[in-house]
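In the UniProt record's numbering, the protein residues as written are 1 to 456.
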């Protein structure tokens, strides 16, 4: 299937950009339980995942057709209880949307920001005060002057007289006859004002796409269509039309028209509309649509690639995700694969080694001093009350700790390398292994030495 209307995948990207722009981190999403609603919401969930979950879709609900009213009532009640969800994305249209906001008004659910589709622009006849301040991601309209010019009574009578009977059946509350021109013109103009929409230009491009496909078929044919052989027909089925549409490439009302292998276009244009509810003099509510931004993406759009952070890799060029390296490995400089962490040993002559030696010396002196004090006052009441035998055992702790830290200055064979590897893995990944490690060892030795000296 080929379509000139952009895929909802682009709409999900636009909505995700809006959520990130306003730094909303906790949102809900509600869609109707069909291919339209499910594909739209899953596109949004996937978009959140590709952005490293910069926002959380905390609630995802679908409204089935057979239990529409019950589901809507339960969903609105749930939103009423979840006060921390302030932003709700709705993938609804038609009766689903109308019934949903009827229930929102009935339960008086306020204080929410609704992110809506462009179908909501026609729902301004009822009480939708809850929509005040909401955002619409609307398909951008590309007006066609020729199309608007053709929507006149004179043009239709001249070129499409058979349409008039169909139009009169669509015009409600109009009793004008063919001779009652003024009244007939008012009824017709009211009808025409409802015809154009943001999708009209896409439908025009769809017609032109078929025309271009047929033109390609004629050019590929071994004969040309003339007045003499108009009775001859071209053999064509759905597969032939799919092949022809895949070759279509022209500039239409909505931009460049070409299709990928899925039948979708590679471009999308949206207008960001803010809804503002205003009170009219007749006590009715009017919804004002204010254009606050534009969003677009096309094939020519340049994308900036950012390198993965330290410890993460991206093996597929152009991919938007970065995978974390496993334990005991880090990323290479190109961030394309994980490599083993190198073994690193401190040296006595290095700055970190000197710092450790100083603290080790201080710990040894403090330990010997404490041992001498305990031995000197061995039989005093204070030393006896301090569990002197237990204190001597504790004095071995700083000695063992100092010996363990000094052992890291020497390279051990492979059987002991794993211990050194684990000790240095965190600091190596962090980029400041020696200074951080020396600081942690010095702090530990200081605490042990001071705790040992309390036995004085």
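Cβ coordinates follow ideal geometry from the N, Cα and C atoms, glycine included. Note that this is a predicted model, so its numbers are computed, not measured.
Cut-off 7 Å between Cβ atoms - residues of its own chain near residue i, not counting five sequence neighbours on either side
| i | result |
| --- | --- |
| residue 358 | none |
| residue 326 | 338 |
| residue 381 | none |
| residue 388 | 374, 378 |
| residue 439 | Reliability of the predicted coordinates at residue 439 is poor, the pLDDT of 41 falling under 50, and the value obtained from them is presented with this limitation in mind. Nothing meets the Cβ criterion. |
| residue 396 | none |
| residue 241 | 213 |
| residue 144 | 201, 204, 253 |
Chain-order list of residues whose beta-carbon lies under 8 Å from that of residue i (same chain, five-residue window excluded)
| i | result |
| --- | --- |
| residue 56 | 25, 26, 27, 48 |
| residue 205 | 4, 252, 253, 254, 257 |
| residue 392 | 371, 374 |
| residue 261 | 246 |
| residue 65 | 32, 33, 34 |
| residue 77 | 107 |
| residue 46 | 12 |
Host alpha helix (DSSP H) of residue i (start-end)
| i | result |
| --- | --- |
| residue 239 | 238-246 |
| residue 257 | Residue 257 -> not in any alpha helix (DSSP H); beta strand (DSSP E) instead, spanning 255-257. |
| residue 47 | 35-50 |
| residue 383 | 381-385 |
| residue 204 | 200-220 |
| residue 147 | 145-150 |
Proximity below 8 Å, CB of residue i to CB of residue j
| i | j | result |
| --- | --- | --- |
| residue 264 | residue 7 | yes |
| residue 273 | residue 291 | yes |
| residue 217 | residue 245 | no |
| residue 132 | residue 275 | yes |
| residue 44 | residue 12 | yes |
| residue 92 | residue 31 | yes |
| residue 402 | residue 360 | yes |
| residue 69 | residue 21 | no |
| residue 113 | residue 129 | no |
| residue 259 | residue 277 | no |
| residue 201 | residue 141 | yes |
| residue 341 | residue 329 | yes |
Reduced DSSP category for residue i - H, G, I as helix; E, B as strand; rest coil
| i | result |
| --- | --- |
| residue 423 | Residue placement at residue 423 is poorly supported in this model, since its pLDDT is 37, which falls under 50; the coordinates are not used for a value here. |
| residue 21 | helix |
| residue 286 | strand |
| residue 94 | coil |
| residue 352 | helix |
| residue 158 | helix |
| residue 77 | helix |
| residue 11 | helix |
| residue 357 | helix |
| residue 294 | strand |
| residue 334 | coil |
| residue 70 | helix |
| residue 85 | coil |
| residue 5 | coil |
| residue 459 | Only positions 1 to 456 of the chain appear in this structure, which leaves residue 459 out of reach. |
| residue 395 | helix |
| residue 112 | coil |
| residue 340 | strand |
| residue 117 | strand |
| residue 323 | strand |
Rounded Cβ spacing between residue i and residue j (contact assumed at less than 8 Å)
| i | j | result |
| --- | --- | --- |
| residue 103 | residue 136 | Not a contact, Cβ separation roughly 20 Å. |
| residue 10 | residue 297 | 6 Å |
| residue 79 | residue 87 | At roughly 11 Å, the Cβ-Cβ gap does not stay under 8 Å, so residue 79 and residue 87 are not in contact. |
| residue 62 | residue 37 | 6 Å |
| residue 270 | residue 110 | That pair is no contact at about 27 Å. |
| residue 250 | residue 212 | 6 Å |
| residue 85 | residue 58 | 6 Å |
| residue 474 | residue 97 | Summary: the structure shown does not reach residue 474, with the chain confined to residues 1 through 456, and so no result is reported for it. |
Continuous beta strand (DSSP E) stretch holding residue i: start and end
| i | result |
| --- | --- |
| residue 63 | 56-63 |
| residue 133 | No beta strand (DSSP E) holds residue 133; DSSP gives it neither H nor E. |
| residue 331 | 329-331 |
| residue 277 | 268-279 |
| residue 311 | Taken as a continuous stretch (DSSP letters only), residue 311 belongs to no beta strand (DSSP E), as it is neither H nor E. |
| residue 252 | 250-252 |
| residue 31 | 26-32 |
Contact set for residue i: own chain, Cβ-Cβ below 6 Å, skip 5 residues either direction
| i | result |
| --- | --- |
| residue 414 | Reliability of the predicted coordinates at residue 414 is poor, the pLDDT of 41 falling under 50, and the value obtained from them is presented with this limitation in mind. Within the same chain, residue 414 has no close Cβ partners at all. |
| residue 322 | 308, 312, 314 |
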